[in-house]
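Remarks on the structure that follows.
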Amino acid sequence: GAVEAAMKELVGRVASNKMMKTVTVVVERLFRHPRFKRYVRARKKYAAHDEENRCNPGDLVRLRHSRPLSKTKRWVVDEIVRRERQFDREAVNAAVKERVVAEKRARANAERGFAGAAAESEI
-8 GAVEAAMKEL
2 VGRVASNKMM
12 KTVTVVVERL
22 FRHPRFKRYV
32 RARKKYAAHD
42 EENRCNPGDL
52 VRLRHSRPLS
62 KTKRWVVDEI
72 VRRERQFDRE
82 AVNAAVKERV
92 VAEKRARANA
102 ERGFAGAAAE
112 SEI
């Protein structure tokens, strides 16, 4: 009861999952500046333990404080609040390349005057 209530929790976005069983999480907080009375956005990076390597960059995660797990790790990924959409990079790159080739072809044909000739032949 009381111990769990005292356990600190943070919510942030996964910045990197390039380490084994560890993710880097960026936590953003809003606070009022003591002198300037403006709200300031501060970011801090935390190394967090991700036992099953489930997190991907962009995921929103909840962190729970724990005993020191390494020199820098004192947090554990408690849950993945929201997953980031995953893109198939190869498919996206192929589609972009195909579109660029088509646009280049259209531009070349327009410069040669084929587009005008094609439009006249349709009439």
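The sequence shown: position 20 = 11 (the working numbering), numbered continuously.
Beta carbons: idealized from backbone N, C-alpha and C, even for Gly.
Since we're looking at a predicted model, the values are computed, not measured.
Secondary structure note for R73: its beta strand (DSSP E) is the uninterrupted segment 66 to 73.
A residue is called buried when at least 16 other Cβ atoms come within 10 angstroms of its Cβ; A39 meets this threshold and is buried. The beta-bridge partner set that DSSP reports for F27 is empty.
Per DSSP, reduced to three states, the secondary structure at E42 is coil, with no helix or strand assignment.
L54 places its beta carbon 8 Å or farther from that of V31. Taken atom to atom, the span from the alpha-carbon of K88 to that of M10 is near 32 Å. Ranked by how close their Cα comes to the Cα of K64, the residues M(-2), K12, A6, C46 have K12 in first place. Rounded to whole angstroms, K(-1) and W66 show a C-alpha spacing of 9 Å.
Assigned with DSSP and collapsed to three states, N47 falls in coil, not helix or strand. For R4, the enclosing beta strand (DSSP E) covers residues 0 to 10.
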